[in-house]
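Chemist:
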Amino acid sequence: MNWLDFWNGNHSIYVCDKHRQRHHERIGEDIVQRLPPRTGVVIDYGCGEALSAHHIARHCDRLILSDAAPSVRQKLEELHHGAANISVLAPDAVREMDAGSVDCVIINSVLQYLSPDDTEGLLKDLSPLLASNGRIIIGDIIPPDHTVLADAGALLHFAWQEQFMTEAMIGLMRTFLSDYRKIRAAYGLTCYSVHDMESMGNRLGLKAQRTPLNIGHDQGRMTFELQRLAA
Ligand SMILES: C[S@@+](CC[C@H](N)C(=O)[O-])C[C@H]1O[C@@H](n2cnc3c(N)ncnc32)[C@H](O)[C@@H]1O
């Protein structure tokens with residue numbers, strides 16, 4: 002089993018329903034706050050369940066949800082069938098979109114599951130899609146010195162704020178015995194420093210800037226905004 006098998010399967014990365022709800026509300030709100038007023042086309046790439054898609058869609062003309070896992074896309078299609086400005090696309094279909102047609106690409110909590118070469122290839126394919134003022138927002142980047150214990154601490158802090166502490170402690174024990182931990186031990190998670198992100202951006206003709214806050218609850222992880230370097 003690799004990461005994509007894991008996401009395509011019947012996994013549970015949330016310790017309880019409240020965690021799942023509050024996670025999606027929090028990232029939905031954090032994403033909306035980063036969008037310029039009335040944005041055109043937004044792609045949420047590697048969107049997962051995207052439970053806050055309706056909220057994001059109220060702040061743009063068109064929201065495209067894209068995920069590599071076919072089972073995730075199928076659920077999204079069922080959920081958003083009939084929504085006027087939300088569509089679901091496979092990653093290959095995203096790559097075929099018109100150059101310059103996208104205002105914002107969100108990639109949150111995805112790149113840790115890709116190799117550096119795959120990430121660079123992905124950003125190389127996505128950057129021509131950007132409109133002249135368009136940007137790619139990459140959230141939840143794990144810095145090289147970030148530990149599993151730091152992840153656990155961030156979850157417990159979130160659980161304390163949102164009052165699901167007991168479930169979080171039980172969930173952490175469950176995670177220790179889960180496929181997630183086994184795959185994480187086998188494949189690891191890809192980490193980037195600020196310098197790594199800036200250098201990768203430069204190689205692709207993009208200026209990468211770390212933003213003061215990360216998207217989501219884990220402020221030990223990092224968010225970057227990438228825009229085309231002036232010609
Ligand atoms: C941790 S979840 C993040 C979901 C959502 N962005 C969030 O922040 O809650 C990672 C998601 O990325 C998707 N994914 C992994 N590799 C991908 C790739 N190469 N292209 C598109 N999606 C990918 C997985 O299927 C999974 O749904």
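Quick note: to get this note's numbering, add 1 to the position in the sequence shown (first position is 1).
For each residue, glycine too, the CB sits at the ideal point set by N, CA and C.
None of these values were measured; they are calculated from a predicted model.
1. Considering only heavy atoms of ligand 1, does any lie closer than 7 Å to the CB of GLY10?
2. For TYR46, which three-state DSSP category applies?
3. Please report the straight-line C-alpha distance between ASP141 and LEU207, rounded to a whole angstrom.
4. With hydrogens ignored, establish whether the beta-carbon of TYR46 is closer than 7 Å to any heavy atom of ligand 1.
5. Determine, using beta carbons only, whether HIS147 and CYS105 come nearer to each other than 8 Å.
6. Report yes if the C-beta of SER128 is less than 7 Å from at least one heavy atom of ligand 1; otherwise report no.
7. Could you tell me if the beta carbon of TRP161 falls within a distance shorter than 7 Å of some heavy atom in ligand 1?
8. So, with DSSP's three-state summary, where would you put GLN228?
9. Is ILE28 near ligand 1, going by C-beta to nearest heavy atom under 7 Å?
10. Quick one: grab the DSSP three-state call for ARG222.
11. Apart from the five residues just before and just after ILE87, which ones in its own chain have a Cβ nearer than 7 Å to its Cβ?
12. List the whole-angstrom C-beta distance separating LEU150 from LEU173, where the pair is believed to meet the contact cut-off of C-beta under 8 Å.
13. Can you tell me whether HIS196 is buried or exposed, with buried defined as 16 or more other CB within 10 angstroms of its CB?
14. Assess, as a yes-or-no matter, whether the region 158-175 is touched by the region 114-131 under the definition of 3 or more beta carbon pairs within less than 8 Å.
15. Below 7 Å, is the gap between the Cβ of ASN109 and the nearest heavy atom of ligand 1?
16. Whole angstroms are fine: how far does the CA of ALA51 sit from the CA of GLY202?
17. Taking the beta carbon of THR120 as the centre, do at least 16 other beta carbons fall within 10 Å, making it buried, or is it exposed?
18. Decide if TYR23 is buried, meaning its Cβ has at least 16 other Cβ atoms within 10 Å, or exposed.
19. Considering only C-alpha positions, which residue in the set ARG211, LEU205, TYR181 is nearest to TRP4?
20. Could you check where the alpha helix (DSSP H) with SER200 kicks off and where it finishes?
21. Since LYS208 sits in a beta bridge, which residues does DSSP pair it with?
22. Is there contact here, the region 5-12 with the region 68-79, by at least three beta-carbon pairs under 8 Å?
Modeler: Inspection of the coordinates gives the following:
1. With a threshold of 7 Å, the Cβ atom of GLY10 does not count as near ligand 1, since no heavy atom of the ligand is closer than that.
2. TYR46: strand per DSSP, three-state reduction.
3. Their backbone Cα atoms lie some 19 Å apart in a straight line.
4. Under cutoff, so the answer is yes.
5. Here HIS147 is not near CYS105, since their CB atoms are 8 Å or more apart.
6. No, ligand 1 has no heavy atom inside 7 Å of this Cβ.
7. The answer is no for TRP161.
8. Strand, per DSSP.
9. For ligand 1, at least one heavy atom lies less than 7 Å from the Cβ of ILE28.
10. Under the three-state reduction of DSSP output, ARG222 falls in the coil class, being neither helix nor strand.
11. Beyond the five residues adjoining it in sequence on each side, ILE87 comes within less than 7 Å, by CB distance, of ALA54, ALA58, LEU64, LEU66, HIS81 in the same chain, given in chain order.
12. So it is not a contact: roughly 11 Å between Cβ atoms.
13. Exposed: under 16 other Cβ atoms inside 10 Å.
14. The region 114-131, when compared against the region 158-175, does not touch it at the 8 Å Cβ threshold.
15. At a cut-off of 7 Å, the beta-carbon of ASN109 counts as near ligand 1: some heavy atom of the ligand is closer than that.
16. Their backbone Cα atoms lie some 26 Å apart in a straight line.
17. By the 10 Å Cβ count, THR120 comes out buried.
18. In the sequence under discussion, the amino acid at residue 23 is Arg, which differs from the Tyr named in the question. With 16 or more other Cβ atoms within 10 Å, it is buried.
19. The residue from ARG211, LEU205, TYR181 with its alpha-carbon nearest to that of TRP4 is TYR181.
20. According to the DSSP assignment, SER200 belongs to the alpha helix (DSSP H) that extends over 195-204.
21. Within the DSSP secondary-structure output, LYS208 pairs in a beta bridge with GLN228.
22. Yes, they touch.
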